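Visitor: The structure is given below, and queries will be raised subsequently.
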Amino acid sequence: MTPTGATAALVLAVLTLAHHASLAAAAGPRVIIVGAGMSGISAGKRLSEAGITDLVILEATDHVGGRMHKRDFGGISVEMGANWVEGVNGGKMNPIWPIVNSTLKLTNFRSDFDDLASNVYREKGGVYKKAYVQKRIDLSDKVQEGGEEHSAKLHLSGQDDMSILAMQRLNDHLPNGPSTAVDMILDYFKYDYEFAEPPRVTSLQNTIPLATFNDFGDDVYFVADQRGYEAVVYHLAGQYLKADKSGGIIDPRLQLNKVVREISYSGSGVRVETEDNKVYKADYVMVSTSLGVLQSDLIKFEPQLPTWKVLSIYQFDMAVYTKIFVKFPKKFWPEGKGREFFLYASSRRGYYGVWQEFEAQYPDANVLLVTVTDEESRRIEQQSDNQTKVEIMEVLRSMFRDEDVPDATDILVPRWWSDRFYRGTFSNWPIGVNRYEYDQLRAPVGRVYFTGEHTSEHYNGYVHGAYLSGIDSADILINCAQKSMCKYHVQGKYD
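In mature numbering (1 follows the signal peptide of the UniProt record, and there is no 0), the protein residues as written are -26 to -1, 1 to 469.
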């Protein structure tokens, strides 16, 4: 080669390198993950294990963990959202359990529901006779067993699915399902307390039997560690993001208080704009926001998501499950073995019905937990905490008419439904959707990928579902980015 030719080649090489450097700078991180909850952190870990480490995680709040979030209350650390490892001591290992129990050794307690029949309170005070309540529990269990048998006979496509309430009508011939105060609270405890929505809207085929308990076991363990259940998410994040000695994430690839407002996508890449007018560019984006956020107008997609995708998002339910913590100057409720959970049989379904005391978990804290869901959750979120406290005191004084029930000194009322970063607590399978809609919910749209507990094929609504969905969705992206296997197959609705 002549000197002139060599010089020209050198100039060309420099220009080419500069051009590529410019493109690389413009492209930004290879993958943007929207959300630092369990599924987003899990997806990032799986991508990193596959060699995709050029990441940025944009989190709208000031913390990692999403709906796994602790809060100081009355001198203890309580969980605003997820609290249990659900599904333990079965045939398979729940993937969250060894992290909680062995790796991190988070303080946890097996929840004891065994003597619930002794702890059902009348609306005007006193408990129902144990024998009577047990008889109603046995009937409810028998109806559910019939539901399991019926569910097993339904076509796998879901075309014959029905609501749990319809199943109850088939099995016990009551025109409106459970209607007495005792039957209503037992029904609420069995279904609403688990799915956060009533049997009339919940799918039979996708919830009975429930894969979580079928696969992992019937036991559930309450996490009551001052580090918080969110320590699991920090632990996973620390395996690929730089952390300090206390476990806090200090990696610049994690950016907090970054509210994503627009995601633009094309065949060549993605562009993500945040509320503070920052712009991030990448090859792909993984959206791990809650289903409730996808159903809201917080994030605009440009171009708009296709109709099939929008319909799949709107057809699922984002339920609301509210754990209200109440502190007192002294205890007035029964304690001891078999007393951890107690029920209030109101004539108004779901009205401050499920209670838990913390003799073991938080000794001497004098704190009770009452759980409400669905319409009651939404109603309570729209009133003052003081009004909620007044209602709770009326209920407790009705339940414990012969006790000196002091005024509560503090109350903590989460507002998941009103929070624009969540718009609910977890997803629920309603009647009318099946695996076809689920596949569409999880399916990518071009370079936009989706994950979250709502995309978990068998465990939606659970912490382990969020964890596994992050892995599953990351694998779909990895297949495209590294193996050029970008086609995602959605089986026909009735195939």
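Cβ atoms here follow ideal geometry from the backbone N, Cα and C, with glycine treated the same way.
Just so we're clear, the structure is a prediction, and the values are computed from it rather than from any experiment.
For the alpha helix (DSSP H) containing Glu33, name the first residue and the last one.
Guide: For the purposes of this step, residue 33 is taken as residue 59 along the sequence shown, with counting starting at 1. Segment: none, Glu33 is in no alpha helix (DSSP H) and carries neither H nor E.
Visitor: As a quick exercise: from Ala339, Pro277, Ile405, pick the residue whose alpha carbon is nearest that of Lys301.
Guide: As a working note, residue 301 is residue 327 in the sequence shown. Answer by Cα proximity: Ala339.
Visitor: Kindly indicate which residue of His209, Tyr165, Ala24, Asn402 has the alpha-carbon position closest to the one of Thr77.
Guide: Taking the first residue of the sequence shown as position 1, residue 77 is located at position 103. Of the candidates His209, Tyr165, Ala24, Asn402, the one whose C-alpha sits nearest the C-alpha of Thr77 is His209.
Visitor: Assign Gly202 to buried or exposed, taking buried as 16 or more other Cβ atoms, counted over all protein chains shown, within 10 Å of its Cβ.
Guide: As a first step, residue 202 must be located in the sequence shown, where it is residue number 228. Buried: at least 16 other Cβ atoms inside 10 Å.
Visitor: To the nearest angstrom, how far is the alpha carbon of Ala10 from that of Glu33?
Guide: Numbered from its first residue, the sequence shown carries residue 10 at position 36. Numbered from its first residue, the sequence shown carries residue 33 at position 59. Going by the C-alpha atoms only, they are around 5 Å apart.
Visitor: For Tyr295, which residues from the same chain have a beta carbon less than 6 Å from its beta carbon, with the 5 sequence-adjacent residues on both sides left out?
Guide: For the purposes of this step, residue 295 is identified with residue 321 of the sequence shown, where counting begins at 1. The residues are Ala170, Thr347, Thr399.
Visitor: In angstroms, rounded to a whole number, what distance separates the CA positions of Glu431 and Asp291?
Guide: Residue 431 sits at position 457 when you count from the first residue of the sequence shown. Residue 291 sits at position 317 when you count from the first residue of the sequence shown. Cα to Cα, Glu431 sits roughly 15 Å from Asp291.
Visitor: Short of 7 Å in beta carbon distance, which residues of its chain neighbour Gly48, apart from the five on each side in sequence? Order them along the chain.
Guide: Taking the sequence shown and counting its residues from 1, one reaches residue 48 at position 74. Lys301, Ala339, Val341, Asp384.
Visitor: Could you please give me the residues that DSSP links to Pro68 through a beta bridge?
Guide: Against the sequence shown, residue 68 aligns to sequence position 94. Note that residue 68 is Asn in the sequence shown, not Pro. Bridge partners of Asn68: none, in fact.
Visitor: Put Trp403 into one of helix, strand or coil per three-state DSSP.
Guide: Taking the first residue of the sequence shown as position 1, residue 403 is located at position 429. If DSSP states are grouped into helix, strand and coil, Trp403 belongs with coil.
Visitor: Hey, how far is the Cα of Leu(-12) from the Cα of Gly241?
Guide: For the purposes of this step, residue -12 is taken as the residue at position 15 of the sequence shown. For the purposes of this step, residue 241 is taken as the residue at position 267 of the sequence shown. Its pLDDT being 35, under 50, Leu(-12) is placed unreliably in this model, and the coordinates cannot settle the point.
Visitor: Relative to the C-alpha of Ile159, which residue among Gly324, Trp329, Arg353, Lys461 is closest?
Guide: Reading the sequence shown from its first residue, position 185 is the one you call residue 159. When each option's Cα is compared against that of Ile159, the closest is Gly324.
Visitor: For my contact list, Val38 and Ile223 are in at a C-beta cut-off of 8 Å; report their separation, rounded to the angstrom.
Guide: For the purposes of this step, residue 38 is taken as the residue at position 64 of the sequence shown. For the purposes of this step, residue 223 is taken as the residue at position 249 of the sequence shown. Sure, about 6 Å apart at Cβ, within 8 Å.
Visitor: With DSSP run on the structure shown, which of helix, strand or coil describes His463?
Guide: Here the question's residue 463 lines up with position 489 in the sequence shown. The answer is coil: DSSP assigns His463 none of H, G, I, E or B.
Visitor: Could you name the residues that DSSP lists as bridge partners for Lys304?
Guide: Translated into positions along the sequence shown, residue 304 becomes position 330. Note: Lys304 sits in no beta bridge, so no partner.
Visitor: On the three-state DSSP scale, how would you describe Phe169?
Guide: Locating residue 169 in the sequence shown gives position 195, counting from the first residue. Helix.
Visitor: I'd like the span of the alpha helix (DSSP H) that includes Glu431, first residue to last.
Guide: Numbered from its first residue, the sequence shown carries residue 431 at position 457. Note, Glu431: premise wrong, no alpha helix (DSSP H); not H, not E.
Visitor: Pick helix, strand or coil for Phe299, following the three-state DSSP scheme.
Guide: As a first step, residue 299 is located in the sequence shown; it is residue number 325 there, counting from the start. Residue state, collapsed to three classes: strand.
Visitor: For the beta strand (DSSP E) containing Val253, list its first residue and its last residue.
Guide: The count along the sequence shown starts at 1 and reaches residue 253 at position 279. Taken as a continuous stretch (DSSP letters only), the beta strand (DSSP E) holding Val253 covers 253 to 256.
Visitor: Please list, in chain order, all residues of the same chain as Leu80 whose beta carbon is under 8 Å from its beta carbon, the five residues on each side excluded.
Guide: The count along the sequence shown starts at 1 and reaches residue 80 at position 106. For Leu80, where only same-chain residues beyond five positions count, the Cβ hits under 8 Å are Val74, Val197, Asp199, Arg201, Tyr203, Ala205, Val206.
Visitor: Report yes if the CB atom of Tyr423 is closer than 8 Å to the CB atom of Ile450, and no otherwise.
Guide: Translated into positions along the sequence shown, residue 423 becomes position 449. Translated into positions along the sequence shown, residue 450 becomes position 476. Going by C-beta atoms, Tyr423 is nearer than 8 Å to Ile450.
Visitor: What do you reckon, are the CB atoms on Lys305 and Val419 nearer than 8 Å?
Guide: If you number the sequence shown from 1, residue 305 lands on position 331. If you number the sequence shown from 1, residue 419 lands on position 445. It is not a contact, given that the beta carbons lie outside the stated cut-off.
Visitor: I need the straight-line Cα distance from Leu113 to Leu268, nearest angstrom please.
Guide: On the sequence shown, position 139 is the one that residue 113 refers to. On the sequence shown, position 294 is the one that residue 268 refers to. When rounded, the distance between both Cα atoms is 40 Å.
Visitor: Return the chain-ordered ranges of every beta strand (DSSP E) run that is complete within the segment 72 to 144 and spans a minimum of 3 residues.
Guide: Here the runs fully enclosed are 82 to 84.
Visitor: Rounding to the nearest angstrom, what Cα-Cα distance links residue 481 and Phe299 in this structure?
Guide: Outside the shown range of the chain (-26 to 469) lies residue 481, about which nothing can therefore be said.
Visitor: Tell me which residue opens and which closes the alpha helix (DSSP H) that Ser392 is part of.
Guide: Stepping through the sequence shown from its first residue, residue 392 is reached at position 418. Taken as a continuous stretch (DSSP letters only), Ser392 belongs to no alpha helix (DSSP H), as it is neither H nor E.
Visitor: Between Ser22 and the rest of its own chain, which residues show a CB-CB distance below 6 Å, the 5 nearest in sequence each way excluded?
Guide: Taking the first residue of the sequence shown as position 1, residue 22 is located at position 48. Excluding residues within five positions, the ones whose Cβ falls inside 6 Å are Tyr214.
Visitor: Mapping the DSSP letters down to three states, classify Asp153 as helix, strand or coil.
Guide: To locate residue 153, count along the sequence shown from 1; it is residue 179. For clarity, residue 153 is Ser in the given sequence; the question names Asp instead. Ser153 falls in the coil class under three-state DSSP.
Visitor: Sorted by chain position, which residues of the same chain lie with C-beta nearer than 7 Å to Phe87's C-beta, five sequence neighbours on each side aside?
Guide: Counting from 1 along the sequence shown, the entry for residue 87 is found at position 113. Taken in chain order, the residues that qualify are Phe315.
Visitor: Examine the Cβ distances between the segment 94 to 108 and the segment 133 to 147 and report whether three or more of them are shorter than 8 Å.
Guide: No, they do not touch.
Visitor: Should Pro388 be labelled buried (16 or more other beta-carbon atoms within 10 Å of its own) or exposed?
Guide: Along the sequence shown, one-based indexing puts residue 388 at 414. Per the 10 Å Cβ criterion, buried.
Visitor: How would you call Glu427, buried or exposed, if buried means at least 16 neighbouring beta carbons within 10 angstroms?
Guide: Here residue 427 corresponds to residue number 453 of the sequence shown, with the count starting at 1. When all chains shown are included, Glu427 counts as buried.
Visitor: Less than 8 Å between C-beta atoms, sequence neighbours within five positions excluded: which residues of the same chain meet that for Pro380?
Guide: Sequence index remark: in the sequence shown, residue 380 carries index 406 (1-based). Excluding positions up to five away in sequence, the list reads Phe302, Pro303, Lys304, Phe306.
Visitor: Please go through the same chain and pick out, in chain order, the residues whose beta-carbon is closer than 6 Å to the beta-carbon of Glu411, but skip the five residues on each side of it.
Guide: Residue numbering aside, residue 411 sits at position 437 when the sequence shown is read from its first letter. Closer than 6 Å at Cβ, skipping near neighbours: Ser286, Gln289.
Visitor: According to DSSP, simplified to helix, strand and coil, what is Tyr423?
Guide: Reading the sequence shown from its first residue, position 449 is the one you call residue 423. Note: Tyr423 maps to strand in three-state DSSP.
Visitor: With DSSP as the reference, label Glu331 as helix, strand or coil.
Guide: Taking the sequence shown and counting its residues from 1, one reaches residue 331 at position 357. In the structure shown, Glu331 sits in a strand (DSSP, three-state: E or B).
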